[in-house]
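Heads up, the sequence shown stops at 103 in our numbering, and the numbers go up one at a time, no gaps.
C-beta: ideal position from N, C-alpha, C; glycine also.
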Amino acid sequence: SRVGLTAAQAKDQGYVIRINKIPVSSMPRAHVNRDLRGLFVAIINQEDDQILGASLLGNNSEEIINIVKLAMDYQIPASGLRNLVFTHPTMAENFNDLFQ
């Protein structure tokens with residue numbers, strides 16, 4: 004699942020970006036699901052901490068990409084998702100690490 008800009012698109016538009024990545028194999032829910040394939044990637048504007056885009060490649064990513072889209076639509080910075088409390092074990096709980 005993907006939303007917003009890719010790293011290349013963000014750079015082309017003049018943003019100074021930070022790229023955060025987390026392998027699905029490090030996620031507790033992935034171990035419960037026994038599917039460790041995938042990667043979560045966030046593209047963040049270094050100047051104002053706004054989320055410019057995200058690619059979530061993994062089991063059930065289509066169920067949580069809407070959280071990122073909501074944050075983007077309402078201009079919630081990456082730190083806003085980083086500080087949310089998510090239930091355990093869920094794929095969404097990894098947003099705490101992804102949006103560091």
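Hey, would you say I20 sits closer than 8 Å to I47, going by beta carbons? Yes, the Cβ-Cβ distance between I20 and I47 is below 8 Å.
Does chain D have any CB closer than 8 Å to the CB of V6? Note that chain D does not occur in the displayed structure, where there is just one protein chain.
Just verifying my parser: in three-state terms, what is the DSSP assignment at R85? Assignment of R85 by DSSP, reduced to helix, strand and coil, places it in the helix class.
Nearest to A57 (by Cα), restricted to the options F89, E96, R37 and I22: Looking only at F89, E96, R37 and I22, the smallest Cα-Cα distance to A57 is reached by I22.
Taking the alpha helix (DSSP H) that R5 falls in, what are its first and last residues? If you look at R5, you'll find it isn't in any alpha helix (DSSP H); it sits in the beta strand (DSSP E) that goes R5 to G7.
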